[in-house]
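Participant: Each residue of the sequence shown is one higher than the one before, counting from 6 in my numbering.
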Amino acid sequence: MKRTFAAAGRCLITPLLLAFTLTYWSCRPNSTERENTETNINSAAWQSTPIQYAKTFELEYREGYKLIHVKQPYPGATRPYTYLLLPHGQPQPDSVEADAVVRIPVQRIISLSTTHLPALDMLGESNKLTGFAQSEFITSPAQRLRLEQGELTDIGSTQGLSPEQILSLQPDLIMAYGMGPDDGTLQVLHRTGVPVLLNADFLENNPLGRAEWIKFTAALLNREKEADSVFNQIVHRYDSLTALTKDVAQRPEVFSGIVYGDIWYMPGGRSWAATFLADAGANYLWGETAESGSVPLSLEQVFAKAHDAPFWINTADFSSLQAIAAADERYKRFRAWQQGQVYTYINKISPTGGNEYLELGYARPDMVLADLIKILHPELLPKHELYFYKQLPKNK
């Protein structure tokens, strides 16, 4: 059986961790105690779901089991990862080589990213989340309530995860994300022996492709039918909104982003952000570039091209025009700043610092698109009120 990270097999196992590991596996419920065991051994009970927009994962349905193929598990990955989803009580097929084996339907999930949570909520499976890293960033009302009631455990920062605490929660799997083969957080997770699945939704360049990762989660829960229903509604609304801007007479010029360090990372023309702006009826000034990631530029390079653009979108978490100017006086030279046409995704911030755009926004591109259309073409959605986005005031 392959390991997702070769280094994980060489990690030091402490006596305490070994004791937790043995307790974890000995105390887990057997197959006769698991929910829906009998019906889920038969693959005929599953409803397969097609992948239409997502490019970084595939679902494969075989007799008696499922396979998830994550084609790009992390940036720069040189091979895909395969996850075997096997019903409780079903023997593991010898012919399948996988990076992790997960017994389904899963009952207890640990997650490391807020982007994983909307899928659980939309599938009606919020209670399957057992542990979460840095729960202060959660905005989901259902999960906030579970935190308050002690049904969801905060496992701390991803930089200081405790294998012992993870094992004490007896998870069926850990849903994580990776930034490379030497990711230290993932090496710690692999030490637990719990299946680790990499959710690479953030590598999708299409808004609907990213939202379609609900089907990744659904396959683990045998909720493909529900996922199809939810996703099809999102696609229908997104397409209906895009149709509104198809024949607009004017496409206002737009630029995006802000300087980090000395670099302005402008979204490339094939990026997730650029797709949103095009669908919202914008003339995105870097829309013709070939990059699917970002284009590194200096502030002066951006000013040369965008100084007269009427709209400036996605200025990170700056809360006012004055806050932007305080970071760099040169921002005041942009027409969009001078006319107050600066918008960013800070309209829904929780008391503990969570940003709903960074959680629900990725799962609901239709809601994001509606906001962008309202900003750029308010006459097309006269009754819509901005949900994720906010027009920055002059002062905080």
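Built from N, CA and C at the ideal position, the CB exists for glycine as well.
Since the model is a prediction, treat every value here as computed from it, not as a measurement.
Identify whether Tyr394 lies in helix, strand or coil by the three-state DSSP scheme.
Facilitator: Residue state, collapsed to three classes: coil.
Participant: Let me confirm a value: Thr135 is counted as buried when at least 16 other C-beta atoms fall within 10 Å, else exposed. Which label applies?
Facilitator: buried
Participant: Do the segment 326-339 and the segment 292-301 make contact, defined as three or more Cβ pairs closer than 8 angstroms?
Facilitator: no
Participant: Once the 5 residues before and after Ala375 are set aside, which same chain residues still bring their CB inside 7 angstroms of it?
Facilitator: Leu246, Leu386, His389
Participant: Buried or exposed, going by whether 16 or more other CB atoms sit within 10 Å of the CB of Ser234?
Facilitator: Classification of Ser234: exposed, given that the 10 Å Cβ count is below 16.
Participant: If I follow the unbroken alpha helix (DSSP H) through Thr247, where does it start and stop?
Facilitator: Boundaries of the alpha helix (DSSP H) around Thr247: 229-250.
Participant: Looking at the unbroken alpha helix (DSSP H) that takes in Ala223, where does it start and where does it end?
Facilitator: 219-226
Participant: Express the C-alpha separation of Ala224 and Pro55 in angstroms, rounding to a whole number.
Facilitator: 11 angstroms
Participant: How long is the line joining the alpha carbons of Gly358 and Met372, rounded to whole angstroms?
Facilitator: 21 angstroms
Participant: Is the beta carbon of Gly183 closer than 9 angstroms to that of Pro78?
Facilitator: Going by beta carbons, Pro78 and Gly183 fall inside the 9 angstroms limit.
Participant: Which value, in whole angstroms, describes the spacing of the CA atoms of His93 and Leu282?
Facilitator: 45 angstroms
Participant: Going along the chain, which residues of its own chain have a beta-carbon closer than 6 angstroms to the beta-carbon of Leu381, five neighbours each way excluded?
Facilitator: Pro257, Ala285, Gly286, Ala287
Participant: So what's Ala205 in DSSP terms, helix, strand or just coil?
Facilitator: coil
Participant: What are the partner residues of Leu89, as DSSP defines its beta bridges?
Facilitator: According to DSSP, which records beta bridges pairwise, Leu89 is partnered with Leu72, Val106.
Participant: Short of 8 angstroms in beta carbon distance, which residues of its chain neighbour Ile160, apart from the five on each side in sequence? Order them along the chain.
Facilitator: Excluding residues within five positions, the ones whose Cβ falls inside 8 angstroms are Ile115, Gly136, Phe137, Ala138, Leu166, Ser167, Gln170, Ile171, Leu174.
Participant: Taking 6 angstroms as the limit between beta carbons, can you name the residues of its chain near Gln396, skipping five residues before and five after?
Facilitator: Here Gln396 has Tyr348 as same chain residues with Cβ atoms under 6 angstroms from its own Cβ, once five neighbours each way along the sequence are excluded.
Participant: Of all the alpha helix (DSSP H) runs that stay within the bounds of the segment 319-391, which reach a length of 4 or more residues?
Facilitator: 326-332, 340-343, 365-368, 370-381
Participant: Hey, out of Ala248, Val307, Ala279, whose CA is closest to Ile263's CA?
Facilitator: Val307
Participant: Given a cut-off of 9 angstroms, decide if Asn227 and Ile109 are closer than it, judged by their beta-carbon atoms.
Facilitator: Taking C-beta atoms as the reference points, Ile109 and Asn227 count as a pair closer than 9 angstroms.
Participant: Closest to Ala314 by C-alpha separation, out of Phe207, Asp322, Arg338, would be which residue?
Facilitator: Ranking Phe207, Asp322, Arg338 by CA distance to the CA of Ala314 puts Arg338 first.
Participant: Threshold first: 4 residues or longer. Then list the alpha helix (DSSP H) segments lying entirely within the segment 148-194, N to C.
Facilitator: 168-173
Participant: Under 9 angstroms, do Tyr394 and Leu377 count as touching if we go by C-beta distance?
Facilitator: Yes, Cβ-Cβ distance for Tyr394 and Leu377 is below 9 angstroms.
Participant: Going by C-alpha to C-alpha distance, which of Leu194, Pro80, Leu249 sits closest to Gln384?
Facilitator: Note that residue 384 corresponds to Glu in the displayed sequence, not to Gln. With distances taken between Cα atoms, Glu384 lies closest to Leu249.
Participant: Taking Cβ to Cβ, would you say Glu102 is nearer than 9 angstroms to Thr83?
Facilitator: no
Participant: Starting from Ser299, follow its DSSP beta bridges and name the residues at the other end.
Facilitator: Pro272
Participant: Leaving out five residues before and five after Ile179 in sequence, what residues of the same chain have Cβ atoms less than 6 angstroms from its Cβ?
Facilitator: Ile115, Leu194, Val199, Val201
Participant: Between which two residues does the alpha helix (DSSP H) carrying Phe281 extend?
Facilitator: 277-284
Participant: Between Leu157 and Arg340, what straight-line distance do the alpha-carbon atoms span, to the nearest angstrom?
Facilitator: 47 angstroms
Participant: Identify the residues that DSSP records as bridge partners of Val264: which are they?
Facilitator: Trp269
Participant: Could you compute how far the alpha carbon of Ile125 sits from the alpha carbon of Pro176?
Facilitator: Just to set this straight, residue 125 is Leu in the shown sequence, not Ile. So the two alpha carbons sit approximately 15 angstroms from each other.
Participant: According to DSSP, is Thr3 helix, strand or coil?
Facilitator: Outside the shown range of the chain (6 to 401) lies residue 3, about which nothing can therefore be said.
Participant: If you follow the alpha helix (DSSP H) that Arg84 is part of, which residue opens it and which one closes it?
Facilitator: Element bounds for Arg84: n/a, residue is neither H nor E.
Participant: The beta strand (DSSP E) that contains Phe62, what's its start and end?
Facilitator: 62-67
Participant: Between which two residues does the alpha helix (DSSP H) harbouring Asp313 extend?
Facilitator: Unbroken run through Asp313: none, as it is neither H nor E.
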